[in-house]
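Sequential numbering of the sequence shown, starting at 0, is according to numbering that gives the first Met the number 0.
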Amino acid sequence: MAFDPTIAAIRFGSGLHPQLPAPKSAGAMLKLLRGPDVMAKAFPIPVYGDLMPEAHRLRELARARKKLGKRTPKMEAEVKLIRANDRERNAMMLRHLIARNLDTEDGFRERLLRFWADHFTVKGRGGITRNNVGTYVEDALRGRITGRFGDMLKAVVTHPMMLVFLDQPRSVGPNSFIAGRTPRRGLNENLAREVLELHTLGVGGRYTQKDVRELAEVFAGMSQNIDKGFNYMTRGGEPGAEVVLGRSYGGEDPKVEDIYAVLHDLALHPDTARHVSRKLVVHFVSDTPDAGMVEEMAAEWQRTDGDLMAVYSVMLNHPAAFAGPLTKAKQPIDFVCSALRALGVPGAEVAALNLGRTRRNLAGPMILMGQHWEHPVGPDGWPEDEAHWITPQGLAARISWAMRLASDQRKTLPDPRDFVGQALGDLASEPVHFAAKAAETRMEGIGVILSSPDFQKR
Numbered sequence: 000m001a002f003d004p005t006i007a008a009i010r011f012g013s014g015l016h017p018q019l020p021a022p023k024s025a026g027a028m029l030k031l032l033r034g035p036d037v038m039a040k041a042f043p044i045p046v047y048g049d050l051m052p053e054a055h056r057l058r059e060l061a062r063a064r065k066k067l068g069k070r071t072p073k074m075e076a077e078v079k080l081i082r083a084n085d086r087e088r089n090a091m092m093l094r095h096l097i098a099r100n101l102d103t104e105d106g107f108r109e110r111l112l113r114f115w116a117d118h119f120t121v122k123g124r125g126g127i128t129r130n131n132v133g134t135y136v137e138d139a140l141r142g143r144i145t146g147r148f149g150d151m152l153k154a155v156v157t158h159p160m161m162l163v164f165l166d167q168p169r170s171v172g173p174n175s176f177i178a179g180r181t182p183r184r185g186l187n188e189n190l191a192r193e194v195l196e197l198h199t200l201g202v203g204g205r206y207t208q209k210d211v212r213e214l215a216e217v218f219a220g221m222s223q224n225i226d227k228g229f230n231y232m233t234r235g236g237e238p239g240a241e242v243v244l245g246r247s248y249g250g251e252d253p254k255v256e257d258i259y260a261v262l263h264d265l266a267l268h269p270d271t272a273r274h275v276s277r278k279l280v281v282h283f284v285s286d287t288p289d290a291g292m293v294e295e296m297a298a299e300w301q302r303t304d305g306d307l308m309a310v311y312s313v314m315l316n317h318p319a320a321f322a323g324p325l326t327k328a329k330q331p332i333d334f335v336c337s338a339l340r341a342l343g344v345p346g347a348e349v350a351a352l353n354l355g356r357t358r359r360n361l362a363g364p365m366i367l368m369g370q371h372w373e374h375p376v377g378p379d380g381w382p383e384d385e386a387h388w389i390t391p392q393g394l395a396a397r398i399s400w401a402m403r404l405a406s407d408q409r410k411t412l413p414d415p416r417d418f419v420g421q422a423l424g425d426l427a428s429e430p431v432h433f434a435a436k437a438a439e440t441r442m443e444g445i446g447v448i449l450s451s452p453d454f455q456k457r
């Protein structure tokens with residue numbers, strides 16, 4: 000199938016826009032991706048390190064409270080202010096994420112970032128991490144989606160948010176110095192299991208429970224704190240060599256370089272190439288991926304040592320990439336971004352919303368649609384299948400939000416007959432064209448188009 004600008008914008012990007020052009024070719028999409036990250040500068044999102052002053056202050060206040068046996072009114076007020084700032088920052092990060100999707104000509108970058116954030120899912124576990132998953136995405140992923148998978152894997156696995164999410168700071172080697180002094184401390188396999196099962200080889204990969212255990216022993220000693228961020232505790236590492244997938248790592252004294260070595264090898268493993276390539280195709284193209292497309296991407300992965308730009312190029316240049324029809328259901332975040340974008344809502348308008356309107360107009364409706372942003376059910380992220388997203392309750396929430404959006408934008412709404420092409424290009428079905436012509440008001444027509452089955456697909 001030849002390159003199709005409309006499919007490129009909807010399937011691989013943030014949707015069609017009334018003023019911004021759709022991609023002209025796969026090469027043009029890749030050129031933008033290689034270029035400067037314009038939206039990151041236009042709508043900045045903090046990184047994890049930016050949270051540390053607040054984390055330090057909360058620690059100081061907790062210590063003062065313990066010393067006094069109570070929290071003074073002044074301390075109480077300061078804690079409330081920090082918590083309020085935390086909630087506002089979380090709302091700002093959602094607004095800026097959406098704003099980036101509204102103003103970008105580089106929609107593939109934004110969609111790739113959401114793919115990788117889902118592939119390497121984390122959830123806040125309380126304290127400073129609870130509402131700040133966006134800082135991890137910005138920190139560990141955004142600048143690495145055009146590099147090598149191995150570099151991204153190392154950044155993610157050693158990131159404080161991932162370590163806390165999977166209880167890694169509690170894990171020490173069974174024969175480590177710390178285990179000898181503190182018998183209640185032991186090995187935790189959570190991170191090792193998720194790295195093998197989700198992040199690299201996949202559920203069907205060629206590994207055993209023994210590999211999980213050995214990898215957990217390589218990882219033992221990885222921790223984090225608010226002073227250093229990632230912190231490797233030699234005294235918590237497991238002495239001696241560990242064998243993972245037939246390769247030996249480490250020696251008499253554990254060291255952090257052993258962790259980087261095993262992650263490097265996992266990133267280049269053929270099963271990793273196949274598993275992640277398949278996930279990319281399932282996410283962007285079809286729940287029943289073209290086997291040839293997956294194999295070509297996996298082969299390029301191995302040929303280039305996990306060069307992600309090379310893998311994306313194979314995906315975008317494969318005939319199946321632009322084959323119709325659109326079959327994937329838009330997740331709520333995709334639906335919200337593409338609807339606002341189709342109406343030409345400026346990113347600055349969304350970025351300027353206050354906390355209450357962010358919750359009322361964006362975060363709250365997305366929860367009703369089935370996506371509590373940054374709170375997936377488990378470490379495997381958000382489901383890909385349509386049945387999870389297009390439910391009676393979820394669809395009702397989409398319709399309600401679309402109608403309200405049309406009402407909110409009523410002063411600048413286009414003619415529904417024109418909006419069909421503005422939102423769906425030449426992919427709109429005859430029933431949608433008919434509904435646009437039959438609508439009694441512009442609000443009704445726009446709401447119906449945004450609620451239509453055609454617009455729910457990508």
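Here a beta-carbon is modelled for each residue, glycine too, at the ideal position from N, C-alpha and C.
For residue i, the three-state DSSP class (helix, strand or coil)
{"i": "V171", "result": "coil"}
{"i": "S247", "result": "strand"}
{"i": "F11", "result": "coil"}
{"i": "D306", "result": "strand"}
{"i": "A1", "result": "coil"}
{"i": "Q370", "result": "coil"}
{"i": "Q223", "result": "strand"}
{"i": "R328", "result": "Checking the displayed sequence, the identity of residue 328 turns out to be Ala instead of Arg. In the structure shown, A328 sits in a strand (DSSP, three-state: E or B)."}
{"i": "G185", "result": "strand"}
{"i": "E75", "result": "helix"}
{"i": "V155", "result": "helix"}
{"i": "K122", "result": "coil"}
{"i": "T207", "result": "coil"}
{"i": "A322", "result": "coil"}
{"i": "D105", "result": "coil"}
{"i": "N130", "result": "coil"}
{"i": "W381", "result": "coil"}
{"i": "F433", "result": "helix"}
{"i": "S451", "result": "coil"}
Proximity below 8 Å, CB of residue i to CB of residue j
{"i": "E459", "j": "L60", "result": "No information on residue 459 is available, as it lies outside the stretch 0 to 457 that the chain covers here."}
{"i": "S276", "j": "A297", "result": "yes"}
{"i": "R94", "j": "L449", "result": "no"}
{"i": "A21", "j": "G346", "result": "no"}
{"i": "G149", "j": "L32", "result": "no"}
{"i": "L152", "j": "H198", "result": "yes"}
{"i": "D333", "j": "R457", "result": "yes"}
{"i": "A116", "j": "V136", "result": "yes"}
{"i": "H274", "j": "L165", "result": "no"}
{"i": "L340", "j": "L111", "result": "Note that residue 340 corresponds to Arg in the displayed sequence, not to Leu. No. Outside cutoff."}
{"i": "Q223", "j": "V163", "result": "yes"}
{"i": "L15", "j": "A386", "result": "no"}
{"i": "L195", "j": "G204", "result": "yes"}
{"i": "F2", "j": "F283", "result": "no"}
{"i": "V394", "j": "I445", "result": "It should be pointed out that residue 394 corresponds to Leu in this sequence rather than to Val. No, Cβ-Cβ distance for L394 and I445 is not below 8 Å."}
{"i": "V310", "j": "E299", "result": "yes"}
{"i": "G26", "j": "M92", "result": "no"}
{"i": "L342", "j": "Q408", "result": "yes"}
{"i": "R212", "j": "E251", "result": "no"}
{"i": "G305", "j": "R62", "result": "no"}
beta-carbon residue i near the ligand PLP non-hydrogen atom, thresh 7 Å
{"i": "A338", "result": "In terms of ligand content, the structure shown is empty, and the ligand PLP therefore cannot be addressed."}
Separation of residue j from residue i, as counted between CA atoms
{"i": "V280", "j": "G236", "result": "38 Å"}
{"i": "D210", "j": "I127", "result": "33 Å"}
{"i": "G185", "j": "A178", "result": "6 Å"}
{"i": "S406", "j": "L367", "result": "19 Å"}
{"i": "D286", "j": "R58", "result": "46 Å"}
{"i": "G249", "j": "R10", "result": "44 Å"}
{"i": "G123", "j": "C336", "result": "24 Å"}
{"i": "T181", "j": "P173", "result": "11 Å"}
{"i": "M74", "j": "G125", "result": "20 Å"}
{"i": "P35", "j": "D105", "result": "10 Å"}
{"i": "S247", "j": "A7", "result": "44 Å"}
{"i": "A435", "j": "E373", "result": "35 Å"}
{"i": "D257", "j": "R359", "result": "48 Å"}
{"i": "S428", "j": "E439", "result": "20 Å"}
{"i": "D376", "j": "A90", "result": "Going by the sequence as given, residue 376 is Val instead of Asp. Between V376 and A90, the C-alpha separation is close to 20 Å."}
{"i": "P458", "j": "R113", "result": "Absent from the model: residue 458. The displayed extent of the chain is 0 to 457, so no value can be given."}
{"i": "G291", "j": "I144", "result": "23 Å"}
{"i": "D425", "j": "P378", "result": "38 Å"}
{"i": "S175", "j": "P288", "result": "45 Å"}
Paired residues, beta bridge with residue i - DSSP
{"i": "G228", "result": "N224"}
{"i": "V242", "result": "S247"}
{"i": "R147", "result": "D306"}
{"i": "K456", "result": "A328"}
Margin query: For the pair the segment 43 to 56 and the segment 222 to 240, tell me if three or more CB-CB distances fall below 8 Å.
Written below: Contact holds: three or more Cβ-Cβ distances are below 8 Å.
Next item on the list: Tell me, please, whether the segment 383 to 401 touches the segment 214 to 221 by the rule of three or more beta-carbon pairs shorter than 8 Å.
Entry: Not touching, per the Cβ criterion.
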